[in-house]
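Undergrad: FYI, the numbering for the sequence shown is 51 to 641, going by the numbering used here. Quick reminder that beta carbons are idealized off the backbone N, C-alpha and C, glycines included.
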Amino acid sequence: MKNNRFTGILITALTALALWSLWPTWQDYSYSRKITGFTTVEDSLKYHEEHREQIEHAAEKSLKLGLDLKGGMYLVLEVDLVDLLRERAWNKDAKFEEIMSVVEQKSAGVNTHIISLLQEEFQAEGIRMSRYFYDVRDTDEEIVGKLEREASQALSRAKEIIRNRVDQYGVAEPVIQTQGARRIIVALPGISDQERVRKLLRGTAKLEFKLTRDRESLLDALERINAYVQSAPSEIGAAEDTENPLYNHVVVMDNGRAYVPDYSREMLQKLFQQDVMEKLLPKDSELAFSARTIEGRDAGRYHDLYMLKKTPELTGGVITEAKATFGASALQPEVTMKMSSEGTSKWARITGANIGRQIAIVLDGAVYSAPVVESKIPGGSSVINGIGSLEEAQDLEIVLKAGALPAPVRIIEERTVGPSLGADYIRSGLLSSSWGLFLVMVFMILYYRKAGVSADIALVLNVLFVLSVLAGFGAALTLPGIAGLVLTIGMAVDANVLIFERIREEIAAGRNFRMAVDNGYSKAFSAIIDSQITTLGAGFLLYIYGAGPIQGFAITLMIGTAASLFTALVVTKGIFDLLISRNLMNEKSFG
Numbered sequence: 051m052k053n054n055r056f057t058g059i060l061i062t063a064l065t066a067l068a069l070w071s072l073w074p075t076w077q078d079y080s081y082s083r084k085i086t087g088f089t090t091v092e093d094s095l096k097y098h099e100e101h102r103e104q105i106e107h108a109a110e111k112s113l114k115l116g117l118d119l120k121g122g123m124y125l126v127l128e129v130d131l132v133d134l135l136r137e138r139a140w141n142k143d144a145k146f147e148e149i150m151s152v153v154e155q156k157s158a159g160v161n162t163h164i165i166s167l168l169q170e171e172f173q174a175e176g177i178r179m180s181r182y183f184y185d186v187r188d189t190d191e192e193i194v195g196k197l198e199r200e201a202s203q204a205l206s207r208a209k210e211i212i213r214n215r216v217d218q219y220g221v222a223e224p225v226i227q228t229q230g231a232r233r234i235i236v237a238l239p240g241i242s243d244q245e246r247v248r249k250l251l252r253g254t255a256k257l258e259f260k261l262t263r264d265r266e267s268l269l270d271a272l273e274r275i276n277a278y279v280q281s282a283p284s285e286i287g288a289a290e291d292t293e294n295p296l297y298n299h300v301v302v303m304d305n306g307r308a309y310v311p312d313y314s315r316e317m318l319q320k321l322f323q324q325d326v327m328e329k330l331l332p333k334d335s336e337l338a339f340s341a342r343t344i345e346g347r348d349a350g351r352y353h354d355l356y357m358l359k360k361t362p363e364l365t366g367g368v369i370t371e372a373k374a375t376f377g378a379s380a381l382q383p384e385v386t387m388k389m390s391s392e393g394t395s396k397w398a399r400i401t402g403a404n405i406g407r408q409i410a411i412v413l414d415g416a417v418y419s420a421p422v423v424e425s426k427i428p429g430g431s432s433v434i435n436g437i438g439s440l441e442e443a444q445d446l447e448i449v450l451k452a453g454a455l456p457a458p459v460r461i462i463e464e465r466t467v468g469p470s471l472g473a474d475y476i477r478s479g480l481l482s483s484s485w486g487l488f489l490v491m492v493f494m495i496l497y498y499r500k501a502g503v504s505a506d507i508a509l510v511l512n513v514l515f516v517l518s519v520l521a522g523f524g525a526a527l528t529l530p531g532i533a534g535l536v537l538t539i540g541m542a543v544d545a546n547v548l549i550f551e552r553i554r555e556e557i558a559a560g561r562n563f564r565m566a567v568d569n570g571y572s573k574a575f576s577a578i579i580d581s582q583i584t585t586l587g588a589g590f591l592l593y594i595y596g597a598g599p600i601q602g603f604a605i606t607l608m609i610g611t612a613a614s615l616f617t618a619l620v621v622t623k624g625i626f627d628l629l630i631s632r633n634l635m636n637e638k639s640f641g
């Protein structure tokens with residue numbers, strides 16, 4: 051009797067807990083229906099504002115839907131390990147660039163190990179890798195080992211940084227995982243602003259503080275580049291002024307400032323990245339464009355052109371805090387930054403030594419601002435302005451907080467699932483699951499009568515437990531997850547059928563009903579445990595080695611298997627014990 055009471059309390063408590071876990075999902079659904087039910091947008095906004103806190107809490111705690119059900123973005127990112135290798139090389143002669151070009155061509159579109167390709171090319175050329183990487187005394191095998199570790203760390207670091215950016219952006223239940231040697235899969239449910247997400251994910255966020263060269267040095271360098279372009283006019287295409295072809299694309303003002311039309315930026319960027327620039331520019335110098343454009347007298351858009359010291363005075367690694375805000379004076383979006391203690395002391399020394407000079411704040415190669423240092427800055431603070439919108443400032447805050455990517459990433463595959471398609475999937479999935487559950491329940495009642503009713507109660511609780519666990523742990527329900535749920539329904543039925551048939555065998559052998567039930571459960575126990583543990587193991591392996599949809603299926607399968615074990619061995623037995631103790635079930639009513 052005590053066991054029956056304990057079983058009843060356990061089942062009741064777990065059922066109440068499951069309903070409590072799913073209550074926010076019901077609230078979220080109810081709020082959505084109310085908001086969409088208003089006839090005017092103003093009424094919807096007013097209702098949302100009045101119940102903002104409750105709506106946001108319900109949405110946060112509700113059962114999440116995966117990318118295939120809710121709609122969103124699926125992207126495959128590729129980490130540019132070739133660029134990483136170029137950075138790691140201490141010798142970058144023409145032969146090295148030739149080898150890297152071959153490696154880049156062979157690896158294009160193939161998710162292969164870059165380091166292996168690199169080693170093969172060096173061996174084919176008969177050149178030791180120590181000529182370009184690490185210590186000249188290192189063997190090729192030692193260098194390959196070091197580069198492979200760096201490549202692996204770069205991939206892991208890129209994944210971690212992308213996850214941090216996505217989390218700070220506020221995407222519910224993203225899927226972020228590595229694939230092969232240099233790819234990262236990113237699935238983002240419920241995304242509407244796709245272009246913003248693209249920029250957020252592929253931005254390297256390489257922040258540098260660089261001294262600017264004086265205007266005279268910039269103008270002298272432009273003269274040398276113009277002379278070079280005169281001798282190689284194909285570098286910038288056909289020019290109206292063949293004597294000064296560069297100045298068809300660069301406007302120099304009386305004050306010495308230089309501007310580049312927005313339509314010429316990409317072409318000049320390629321020119322300025324050529325190796326010949328090392329001869330044309332002062333030592334340790336580079337040319338860079340402003341991130342923002344300004345409107346010229348001809349209504350065109352122009353970038354500021356800067357010449358910077360190539361070696362940064364400080365990098366973004368010292369940034370400990372970033373905050374998007376509006377400037378106190380101009381009320382323009384900006385990002386304020388705080389530095390570490392080490393960065394603070396360096397920043398104070400740098401600003402103190404360069405009073406009256408410009409220090410450019412450079413992010414991913416673009417100059418966001420280049421303020422003149424008016425005095426020593428001891429507090430370790432800095433500001434990035436020249437930002438187009440508060441949204442852009444907030445995205446910049448996110449990438450600065452998450453950190454810089456170890457190497458550039460590019461989007462090599464992108465798919466978008468529309469919300470309407472997701473809604474169709476939901477309807478189809480729910481319809482098929484509901485019909486499947488209904489037909490199984492009808493069959494169980496027709497075939498096993500009262501025992502079938504107990505099995506049906508167990509089935510309903512099984513589904514309830516699975517959904518509540520998904521909601522409670524913040525997991526997402528996906529279309530493969532619905533398939534896993536349907537499969538667990540079948541497995542739960544299978545376990546009940548196994549038990550009921552054993553009970554029938556005991557009744558046929560002449561046992562009284564009480565003993566037949568106990569023996570039936572005992573004899574079916576080992577078979578049920580064996581099959582369910584095997585299924586759990588299969589689900590675990592699918593989750594560990596699978597990706598995306600496979601993992602969604604595996605999660606639901608594992609939760610459903612555990613739930614079906616409980617409902618088959620505990621719930622139905624508890625119902626049987628209750629009915630038998632009250633003389634509401636015997637062998638005649640068993641079916």
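Give me whichever residues DSSP pairs with V310 in a beta bridge.
TA: Taking the first residue of the sequence shown as position 1, residue 310 is located at position 260. For V310, which the question treats as bridged, DSSP gives the partners H353.
Undergrad: Rank L364, A201, W76 by C-alpha distance to the C-alpha of E137 and give the top, closest one.
TA: Taking the first residue of the sequence shown as 1, we reach residue 137 at position 87. With distances taken between Cα atoms, E137 lies closest to A201.
Undergrad: By a C-beta neighbour count over all protein chains shown, 10 Å radius and 16 as the cutoff for buried, is L72 buried or exposed?
TA: The count along the sequence shown starts at 1 and reaches residue 72 at position 22. Under this definition L72 is a buried residue.
Undergrad: Are A128 and I234 closer than 9 Å when you measure CB to CB?
TA: Taking the first residue of the sequence shown as position 1, residue 128 is located at position 78. Taking the first residue of the sequence shown as position 1, residue 234 is located at position 184. The identity of residue 128 in the sequence shown is Glu, whereas the question assumes Ala. In this structure, I234 lies closer than 9 Å to E128 by Cβ.
Undergrad: Using 8 Å for Cβ pairs, my map puts G624 next to I61. What's the rounded Cβ distance?
TA: To locate residue 624, count along the sequence shown from 1; it is residue 574. To locate residue 61, count along the sequence shown from 1; it is residue 11. With 8 Å as the limit, G624 and I61 qualify as a contact, their Cβ atoms being about 6 Å apart.
Undergrad: Taking V422 as the reference, give the member of L261, I193, G116, E637 with the closest Cα.
TA: As a working note, residue 422 is residue 372 in the sequence shown. Taking only the C-alpha atoms, the option nearest V422 is L261.
Undergrad: Distance, Cα to Cα, L592 vs I600?
TA: By one-based count along the sequence shown, residue 592 stands at place 542. By one-based count along the sequence shown, residue 600 stands at place 550. The straight-line gap from Cα to Cα measures roughly 7 Å.
Undergrad: Which first and last residues belong to the alpha helix (DSSP H) in which I532 is found?
TA: As a first step, residue 532 is located in the sequence shown; it is residue number 482 there, counting from the start. Per DSSP, I532 belongs to the alpha helix (DSSP H) from 529-558.
Undergrad: CB I226 to CB K209, shorter than 9 Å?
TA: Position 176 of the sequence shown, counted from the first residue, corresponds to residue 226. Position 159 of the sequence shown, counted from the first residue, corresponds to residue 209. Yes, they are a contact pair.
Undergrad: Round the Cβ separation of G116 and P239 to the nearest angstrom and send it over; I've been treating them as touching at under 8 Å.
TA: Walking along the sequence shown from the start, residue 116 turns up at place 66. Walking along the sequence shown from the start, residue 239 turns up at place 189. Going by Cβ atoms, the distance from G116 to P239 rounds to 6 Å, so yes, they are a contact pair.
Undergrad: Does the count of Cβ pairs from the segment 186-203 and the segment 163-174 closer than 8 Å reach three?
TA: Touching, yes.
Undergrad: Here's the rule I'm using: 16 or more other beta-carbon atoms within 10 Å means buried, otherwise exposed. How should K114 be labelled?
TA: As a first step, residue 114 is located in the sequence shown; it is residue number 64 there, counting from the start. Buried, since its Cβ has 16 or more Cβ neighbours within 10 Å.
Undergrad: Under DSSP, the beta strand (DSSP E) around S242 begins and ends at which residues?
TA: Mapped onto the sequence shown, residue 242 falls at position 192. Note, S242: premise wrong, no beta strand (DSSP E); not H, not E.
Undergrad: In chain order, which continuous runs of the alpha helix (DSSP H) of length 4 or greater are located wholly inside the segment 411-472?
TA: You should have 440-452.
Undergrad: What do you reckon, are the CB atoms on E447 and A372 nearer than 9 Å?
TA: Translated into positions along the sequence shown, residue 447 becomes position 397. Translated into positions along the sequence shown, residue 372 becomes position 322. Yes, the pair counts as a contact, with Cβ atoms nearer than the cut-off.
Undergrad: Under the three-state reduction of DSSP, which class applies to L634: helix, strand or coil?
TA: On the sequence shown, position 584 is the one that residue 634 refers to. Here L634 sits in coil by DSSP.
Undergrad: Would you kindly work out how many angstroms separate the C-alpha atoms of S482 and G159, rounded to a whole number?
TA: Counted from its first residue, the sequence shown places residue 482 at position 432. Counted from its first residue, the sequence shown places residue 159 at position 109. Looking at the two C-alpha atoms, the distance is approximately 39 Å.
Undergrad: Is the segment 72-90 in contact with the segment 485-502, if contact means three or more CB pairs nearer than 8 Å?
TA: Not touching, per the Cβ criterion.
Undergrad: Rounded to the nearest angstrom, how far is the Cβ of A505 from that of N546, given a contact under 8 Å?
TA: The sequence position of residue 505 within the sequence shown is 455, counting from 1. The sequence position of residue 546 within the sequence shown is 496, counting from 1. Sure, about 4 Å apart at Cβ, within 8 Å.
Undergrad: For the beta strand (DSSP E) holding L331, just list the boundary residues, first then last.
TA: Translated into the one-based positions of the sequence shown, residue 331 becomes position 281. Looking at the DSSP string, L331 is not in any beta strand (DSSP E), and its letter there is neither H nor E.
Undergrad: For Y124, does the three-state DSSP call read helix, strand or coil?
TA: Position 74 of the sequence shown holds residue 124. Correct three-state label for Y124: strand.
Undergrad: Quick one, are the C-beta atoms of T370 and A508 less than 9 Å apart?
TA: Looking up residue 370 in the sequence shown gives position 320. Looking up residue 508 in the sequence shown gives position 458. Against a cut-off of 9 Å, the Cβ pair of A508 and T370 comes out as no contact.
Undergrad: Taking buried to mean at least 16 other C-beta atoms within 10 Å of its own C-beta, is R232 buried or exposed?
TA: Counting from one through the sequence shown, the residue named residue 232 turns up at place 182. Buried, by the Cβ-count rule.
Undergrad: Quick check: the Cα distance between V417 and R187, rounded to an integer number of angstroms?
TA: For the purposes of this step, residue 417 is taken as residue 367 along the sequence shown, with counting starting at 1. For the purposes of this step, residue 187 is taken as residue 137 along the sequence shown, with counting starting at 1. Cα-Cα distance, rounded: 40 Å.
Undergrad: What does a CB cutoff of less than 7 Å around A398 pick up in its chain, not counting 5 residues either side in sequence?
TA: Counting from one through the sequence shown, the residue named residue 398 turns up at place 348. The answer, listed in chain order, is K426, I427, P428.
Undergrad: Pick from D354, R55, W76, G58: whose alpha carbon is nearest that of S518?
TA: In the sequence shown, the residue the question calls residue 518 occupies position 468. Here the closest residue by C-alpha is W76.
Undergrad: If the criterion is Cβ atoms closer than 9 Å, does the pair L330 and A271 meet it?
TA: As a position in the sequence shown, residue 330 is number 280, starting the count at 1. As a position in the sequence shown, residue 271 is number 221, starting the count at 1. Going by C-beta atoms, L330 is nearer than 9 Å to A271.
Undergrad: Give the single residue among S340, L529, K396 whose Cα lies nearest to the Cα of N435.
TA: Here residue 435 refers to the residue found at position 385 of the sequence shown. Closest option to N435, Cα to Cα, is S340.
Undergrad: Check the Cβ-Cβ distances between L481 and every residue of chain B, and say whether any is below 9 Å.
TA: Absent from the structure: chain B. Only one protein chain is present.
Undergrad: Where does Q218 sit, in a helix, a strand or coil, going by DSSP?
TA: Indexing the sequence shown from 1 puts residue 218 at position 168. In the structure shown, Q218 sits in a helix (DSSP, three-state: H, G or I).
Undergrad: Which residues does DSSP pair with E644 in a beta bridge?
TA: Shown here, the chain extends from 51 to 641; a query on residue 644 therefore has no answer.
Undergrad: Tell me which same chain residues have a C-beta within less than 8 Å of the C-beta of M635, skipping the five on either side of it?
TA: Sequence index remark: in the sequence shown, residue 635 carries index 585 (1-based). Taken in chain order, the residues that qualify are K500, A501, F563, F626, L629.
Undergrad: Tell me whether R564 sits in a helix, a strand or coil according to DSSP, three-state version.
TA: Within the sequence shown, the letter at position 514 stands for residue 564. If DSSP states are grouped into helix, strand and coil, R564 belongs with the helices.
Undergrad: Just to confirm before moving on: does the CB-CB distance between S478 and G430 stay below 9 Å?
TA: Locating residue 478 in the sequence shown gives position 428, counting from the first residue. Locating residue 430 in the sequence shown gives position 380, counting from the first residue. In this structure, G430 does not lie closer than 9 Å to S478 by Cβ.
Undergrad: What did DSSP end up calling K145 once you bin it into helix, strand or coil?
TA: In the sequence shown, the residue the question calls residue 145 occupies position 95. Three-state DSSP puts K145 in a helix.
Undergrad: Short check: CB of G458 to CB of R315, under 9 Å?
TA: Taking the sequence shown and counting its residues from 1, one reaches residue 458 at position 408. Taking the sequence shown and counting its residues from 1, one reaches residue 315 at position 265. Per the sequence shown, residue 458 should be read as Pro rather than Gly. No.
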